[in-house]
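If you use the working numbering, the sequence shown corresponds to residues 877 to 1035, in order. Built from N, CA and C at the ideal position, the CB exists for glycine as well. All figures in this text were calculated on a predicted structure; none of them were measured in a lab. Step one of this worksheet: look at the structure below.
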Amino acid sequence: MKLTKEIVEALKVKNPDDVEVYLTTSSINGKCNILPLLFTDVYQDEYILMPDLFAVKTKINLNENRVGVLTVAHPAEGKKWAFRGPCGHIEWGLPDNYDFQGVKAGDILKKWGDWSEKESFSGLPEDIRPSVIAQRGVIVLKVAECYSFNPDDSGKKIL
């Protein structure tokens, strides 16, 4: 499902202070985990890419239940969306041809690159900012559904 240009731009988070992003996953028994994210990116206008810093519970849930919901809010702009779809983890070391929902691990990892060189973590409080940022992999959500919570269409399925 292709995302609109407006949504693609909103998902390319440039300043984490201007946006709130959360990935929610659930174990097979319904135990939820909510992962706050500093930034996201988009691949081929239908896959949302997220960093794996310390997403241990998220990865455990995704091993049991491959569905995720990503919520994005731009409070200053009054824009809010929820994206639902198959969600998985692509780690460094997987074969380049490993396929997740139609994309290859090598292509995702090449596009993602070394995000720690591109992104600044200086805004994090010193007590939680790691001295070394270790990229463990990329969490990928293939958008199957998109809901808008913007004033004109609150809760409406738009994709």
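Helix, strand or coil at W968 according to DSSP, with G and I counted as helix: Coil, per DSSP.
Coarse secondary structure for D975, derived from DSSP in three states: Looking at D975 - three-state DSSP - the assignment turns out to be strand.
Which listed residue (F1025, V889, L899 and I1034) has its alpha carbon closest to that of C963: If we check each option's Cα against that of C963, L899 comes out closest.
Within 8 Å, strictly: CB atoms of D928 and G1013: Yes.
Strand pairing of L1017, partner residues [DSSP]: Under DSSP, the beta-bridge partners assigned to L1017 are I924 and C963.
Delimiting residues of the beta strand (DSSP E) encompassing A949: For A949, the enclosing beta strand (DSSP E) covers residues V943 to H950.
Nearest-angstrom Cβ-Cβ length linking A886 and K987, presumed shorter than 8 Å: The C-beta distance from A886 to K987 rounds to 19 Å, too long to fall under 8 Å, and the pair is not in contact.
Candidates N973, T947 and G989: closest to V897 by CA position: In this structure, T947 is the residue among N973, T947 and G989 with its C-alpha nearest to the C-alpha of V897.
Neighbour-count burial assignment, N973, 16 or more Cβ in a 10 Å radius: N973 comes out exposed.
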